[in-house]
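Residue numbers (mature numbering (1 follows the signal peptide of the UniProt record, and there is no 0)): -23 to -1, 1 to 182.
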């Protein structure tokens, strides 16, 4: 968590510095929203399927040069997983995600994107036919991921981007804090990392 706190401090410092950059018209503020197609991978995962969620937030797009830009983001995202333990349950997880994306413009409108991301768990819920319950005890409070993708500027203020998120750190608490057996939770056990495909529309001011 010390590394995550340091990362958060860096993001906050970047916001403070953004005031001068906006005044110089080097930085553009933007908002984004889209869908996230999420799952998890690991050695002991069985009978699981991806879950579709949504995400939305804001960003700062700073053009370093003609070819390079950096884009810190603050995104609320609903991720999760579906599994079949006899009742076809699904888990939904709410995260505050903070990526710092580096963009290389291969053409005037097409950019290649990559960068680190930290996510902080805000809530977790498991839902099945018999009812629902809290699933946050299964997952760690924070996780570290890497993102890779492409973006395309449709017009001056509107863009679309497609990214893949690859989990680096273990996202799951194990041994389980909830007391539920792993067999009742889609076979999740041991180290589990996130895997998310996302598509977003971006509006920049």
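Glycine included, each C-beta is placed from N, C-alpha and C at the ideal position.
Check residue i in the structure and name its three-state DSSP category.
i           : result
residue 96  : strand
residue 101 : strand
residue 30  : strand
residue 114 : helix
residue 132 : coil
residue 119 : strand
residue 185 : Any answer about residue 185 is impossible in this case: the structure gives the chain only from -23 up to 182.
residue 139 : strand
residue 51  : strand
Cutting at 7 Å between CB atoms, please list the residues of its own chain near residue i, excluding the five before and the five after it.
i           : result
residue 81  : 44, 45, 88 and 89
residue 5   : 38, 181 and 182
residue 100 : 71 and 113
residue 66  : 60, 103, 104 and 105
residue 92  : 76, 77, 78, 79 and 124
residue 57  : 15, 28, 30, 67, 68, 69 and 70
residue 126 : 90, 138, 139, 140 and 141
Out of the options, which one is the CA nearest neighbour of residue i?
i           : options               : result
residue 118 : 150, 126, 110 and 52  : 150
residue 140 : 147, 129, 146 and 148 : 129
residue 147 : 95, 3 and 13          : 95
residue 85  : 29, 132 and 28        : 132
residue 40  : 145, 78 and 169       : 78
residue 17  : 170, 174 and 179      : 170
residue 138 : 145, 107, 120 and 177 : 177
residue 108 : 115, 68 and 116       : 68
residue 47  : 144, 36, 56 and 11    : 36
Who does residue i pair with in a DSSP beta bridge?
i           : result
residue 38  : 5
residue 184 : The structure shown does not extend to residue 184, since the chain is modelled only from -23 through 182, so no value can be given for it.
residue 74  : 52 and 96
residue 91  : 79 and 125
residue 144 : 122
Tell me which residues share the same chain as residue i and place their Cβ nearer than 6 Å to its Cβ, disregarding the 5 neighbours each side in the sequence.
i           : result
residue 26  : 59
residue 174 : 14 and 141
residue 120 : 96, 146 and 148
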